[in-house]
Amino acid sequence: GAVIVKYDVDVDVDEALLETTRLVDLVKPKFPKDSEEPLIQEVNVTAFPALFVALSGQVSERELIRRAKTLKNELENLPNVLGADIMGDREEQLEVIINPARMEAYQISHNELYAIIANNNRVIPAGQMDTGLGRFTISVPGLFETAEDVFKLPVKVRGDAVVTLSDIAEIRRTYKDQQTRTFYNGNPALILKVKRKTGTNVLEMTEQVRDRTKEYTANWPENINVNFSFDQSSHVFEMINSLQSSIVNAIVLVMLIVIGTLGFRSAMMVGIAIPTSFMMSFVLLSLFGNSLNMMVMFSLILCVGILVDSSIVIVEYADRKMAEGLDRKEAYARSAERMFFPILSSTATTLAAFTPLLFWPGVSGEFMSYLPRTLIFVLTSSLVMALFFLPAIGGLYGKTEQSGDPTLAALSADNPTLVIDKKTLTGRYLLILERLMVNPLRTFVALMLIFASIIMTYRFFEKDTLYFAEIEPRQAIVLVRARGNLSLDDTEKLTRSIEKEVMQIKGIQAALTQFGPNIAYGDSGNNVNPTDLIGSIFIEFQHFTVRESSTKIIQKIKDRTKDFPGIIVEVREQEDGPPIGKDIQLEIRSNNYEGLIDIAEKANAKFKSLDELLTDVEDNRSSPGIEWKIKVDREKAGLFGADISTVGAMVQMITNGVELGTYRPIDADDEVEIRIRYPEEYRDIKNMDSLRVNTPLGSVPISNFVDRTADQRKIQIDRTDGYRQITVKANVLINPVTNEKYPIAEAMTEIQLWLEEQDFGPEYLFRFRGSSEEEEAAAGFLGNAMLGGLALMFIILLLQFNSFYYAILTLTTVASSSIGVLIGLMMTGEQFIVVFSGVGIVALAGIVVNNSIVLIDTHQRLEKSGMDLKEAVLRAAGQRIRPILITTGTTIIGLLPMAMGTSINIFTRSIELNNPISAWWTNMSISIVFGLGFSTVLTLITIPVLIMLPNYLRNEIFPKFKQQYMLLRNG
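Going left to right, the sequence shown walks through residues -16 to 954 as the numbering used here numbers them.
Shown next as structure tokens:
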């Protein structure tokens, strides 16, 4: 049995292990005396194999096992390797095959034989002796050292003749009966599952394993094949290269935009912020115990376009002041002084949006937590760089390339006359604003109508929400399910027939097959496998550049294996994100086991009835099969002088044999069991009734006091929090029209309605698990994180503007960015993914407000100088349009390749379209690109116009309402 204890991800694992060990030690005295020592171990993702080493060839099983064990020892000596378990091998044993007829002829009872073997395989400490010349310890060593010692063991004496064990038994060093068999690419094989130590580099470890294996097996016979497969490092290496290329691409694209808008020298000033901010953030990440992983690297891509915002604002303002005639030292000094609080506020609001994500609970939160951490460290570093280092550098080397620009001069606060040049982009933009300012209320109503129409349109956008991104799998597993008391040969025949079909499909790199009657109940104890599993085929696909989509390959496997009689074939894709399991999981708990079985059967039937929506239905009830029960009548057995122990040992003689001890051969690392059993022809259920036990009354058939009955087998019983539990699971079918899964909510609604119609009683507890539960939890947290972030941002904006209206007006850009996300998802046909789209919306909340902050701050400063409200708004909008477009452009252009699912490597001069690795970040990139783009357009138009709204209502609308009210009142 196994007990799985789940802790929150923020719990210290070492402390949890100590506490669990302490609690187990408290109950150990209650265990049976012959029970094994409980094994307590951590289930860690790094404990799963990082590489498989397959050994196969035309050699004997003993030779292959011997070489596999020696290679295992070599690999486990490597510094980064945690262990290398062998899959497909068998434990060695010394088998004593008793001849029942000879035992009876020599009148040797089983109990006598058991006692002779056990008593002669011992070390007896005989005490100590003090001879006066010294004190000596005396022992009587008697352990078996070789099979020959067992072979020559005396078991009976007749006069001068000695009967040895070899006279009544055949003794051979062999292996335990096979329970499973393993094949690699259709050939019998042994598989070394190499695991890496926690905190070690998977690339370094796999390289060490490959090099050591090649070196160690160089002199092996040519008929032994050594293959590497299911190598995690290849995927990690490819992902790192892709992300590195994306970071370089983002930097190059951002710098091109800055050069094109500010000039080369100013762009170099901005560009300094990127490497310095990265280096400072790497130091902070290391100090806080964070490693460099794919989430950190994606965060750096997102940061490239954001971290330069503060530097762009500083450089752009100084650039404009130098264009107006100031020298560089004074221009950068004034820029740092003037923009200090706007930049501080904008960075603070961005950090406020990301801070709640640090408290995301569960596995998803642990996975995504690197994003806010990295962003916080990078943006803090960029803030320090922009406000302190950049002005000093600019004062020494800054130079404008836009001297004498009439547009910049006209927008200057020092120029008493605002002249709008219709030929420039800024001039056309200001003309549009001037027209809209005539009636700001109309603009506000239009904005609300735009929001409402987009939301209504999205409601008809027939796309289901997902919990996590569905990445094209690199691996898959084919599960072969069948019911009944199948032998090992039966499971081989059925599983290998499926393997044959799978191997004929193009695009498969390697296939690892394992089968056996009890393969479902392996080492994991986590109830992941179906209880009727008889075989599994692990599949590794070829690289995506040389095959068709793995989704199509999986569909071909399903099509080719769906019509095999007597078995169910299920194909499970590799889960790259947080482990969830099947789409819908109905957990049923109760201590009324018979009623629980009945309800589970009804639920299973309901799931199967929804065959237009659901597939791969299963539950964790024990699969049907026969279990023979030997019931001993204690009273009758007592009359013969027999007992349950005697009967049990005799039955073991025709099953696995009776273990009588162990010995350690010179050529073995582990102890070898000594088992005594009957010849193979006796090992049949038909011979059970004819078994005889030695009693004081002689040899008696056990059928005199034993009844043999067939019963439903119960291999596994699951409990959760003290309740017996059965879970009914299913996957949602793929819609052949849209090539996407049907909405999970549709199937869940059907099941919930069915549950409400039933009258199962209060003693039964029902709970939906799976992706729906995780999706609901993630959506709930992200909603709360958004509210928490908005509250923090509102406080910061209130301190910055000292105005409730301006603070609320700035936060309207968050709503517009969310609408932009919906537009992006509809235009690209992407589904709303709770984790990635949700994080994208939260991230946008902190990014989009920066534009409004700088714009409104500039307006407030101009208005305080005594300028007319309208002119102050127009001048502020004209001054800020360039930095707003630049900062927005840098963020968008940095993420655009990922939003397009494109991987560009400028070093190898290659472009990969629809790269599965880019698919990790496509949804979030699309959300940020469209959300930021749409919000920026509305910010440039609606924020200046809505600044005028209170004044318009006060001077135009309210007087008219008051006038109408007075006319009606005076009637």
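All C-beta atoms, glycine included, are put in the ideal place defined by N, C-alpha and C.
Give the list of continuous beta strand (DSSP E) stretches no shorter than 3 residues that lie fully inside the stretch 30 to 65. 34 to 40
Delimiting residues of the alpha helix (DSSP H) encompassing M633: For M633, the enclosing alpha helix (DSSP H) starts and ends at I627 to Q635.
Which residues mark the beginning and the end of the alpha helix (DSSP H) in which S212 is found? Unbroken run through S212 is the beta strand (DSSP E), I207 to S212; no alpha helix (DSSP H).
Decide if E20 is buried, meaning its Cβ has at least 16 other Cβ atoms within 10 Å, or exposed. exposed
Would F521 pass as a contact of I460 if the rule is Cβ separation under 7 Å? Closer than 7 Å, so yes.
Rounded to a whole number of angstroms, what is the C-alpha to C-alpha distance between L972 and V209? Nothing about residue 972 can be reported from this structure: the residues present for the chain run from -16 to 954 only.
Pick from R311, L770 and E455: whose alpha carbon is nearest that of G829? L770
I need the boundaries of the beta strand (DSSP E) containing D690, first residue and last residue. V689 to Q695
In whole angstroms, what is the alpha-carbon distance linking S682 and F688? 13 Å
Using DSSP bridges, identify the partner residues of E757. Beta-bridge pairing by DSSP links E757 to no other residue.
Cβ neighbour criterion (16 or more within 10 Å) applied to W611: exposed
Nearest-angstrom beta carbon gap, E153 and R660 [assumed within contact, 8 Å]: The Cβ separation is near 11 Å, so there is no contact.
If L462 sits next to E595, beta carbons under 8 Å apart, how far is it from one beta carbon to the other, in whole angstroms? Their Cβ separation, rounded to whole angstroms, is 23 Å, which puts L462 and E595 out of contact at 8 Å.
Beta-carbon gap between A331 and I779 smaller than 7 Å: yes
Got a sec, what are the start and stop residues for the alpha helix (DSSP H) Q458 sits in? Counting along the chain, Q458 falls outside any alpha helix (DSSP H), though it belongs to the beta strand (DSSP E) covering Q458 to R464.
Measure the Cβ-Cβ separation of A67 and L58 and say whether it is below 7 Å. yes
Between which residues of its own chain and I887 is the CB-CB distance below 7 Å, once the five residues before and five after are set aside? S228, N232, P880 and I894
Given 8 Å, three or more beta-carbon pairs between the stretch 34 to 49 and the stretch 114 to 121: no
In terms of alpha-carbon separation, which member of N184, G246 and N102 lies closest to S216? N184
Quick check: E499 and G608, are their CB atoms within less than 7 Å of each other? The residue asked about is misnamed: residue 499 is Gly in this sequence, not Glu. Cβ distance not < 7 Å, so G499 and G608 don't count as in contact.
Beta strand (DSSP E) containing E523: first to last residue? L516 to F524
For P137, which of helix, strand or coil comes out of DSSP? strand
Does DSSP put Y89 in a helix, in a strand, or in coil? Reduced to three states, the DSSP call for Y89 is coil.
Can you tell me which of the three DSSP states D(-9) falls into? coil
Specify the secondary structure class of S886 as computed by DSSP and reduced to three states. strand
Nearest-angstrom Cα separation, counted from F271 out to F342: 16 Å
Span of the alpha helix (DSSP H), counted from its first residue to its last, around K535: S533 to T544
Alpha-carbon to alpha-carbon, A859 and S532: Cα-Cα distance, rounded: 52 Å.
From this set, Q41, S592, S92 and K382, which residue's C-alpha is nearest L680's C-alpha? For the options Q41, S592, S92 and K382, the alpha carbon positioned closest to that of L680 is the one of S92.
Taking Y576 as part of the alpha helix (DSSP H), name the residues at either end of that continuous run. Boundaries of the alpha helix (DSSP H) around Y576: Y576 to S592.
Would you decide whether P15 is buried or exposed? Buried here means 16 or more other CB atoms lie within 10 Å of its CB. Counting Cβ neighbours within 10 Å, P15 comes out exposed, since fewer than 16 surround it.
Check whether the stretch 818 to 829 touches the stretch 440 to 453, counting contact only when three or more Cβ pairs, one atom from each stretch, lie closer than 8 Å. yes
Using only the alpha-carbon positions, how far apart do P62 and R193 sit? P62 and R193: Cα-Cα distance of roughly 14 Å.
With respect to the alpha helix (DSSP H) encompassing N1004, which residues constitute its N-terminal and C-terminal limits? Absent from the structure is residue 1004, since the part of the chain shown begins at -16 and ends at 954.
Anticipated Cβ contact below 8 Å, K159 with R73, distance rounded: 5 Å
Can you tell me which residues form a DSSP beta bridge with W611? W611 pairs with A693.
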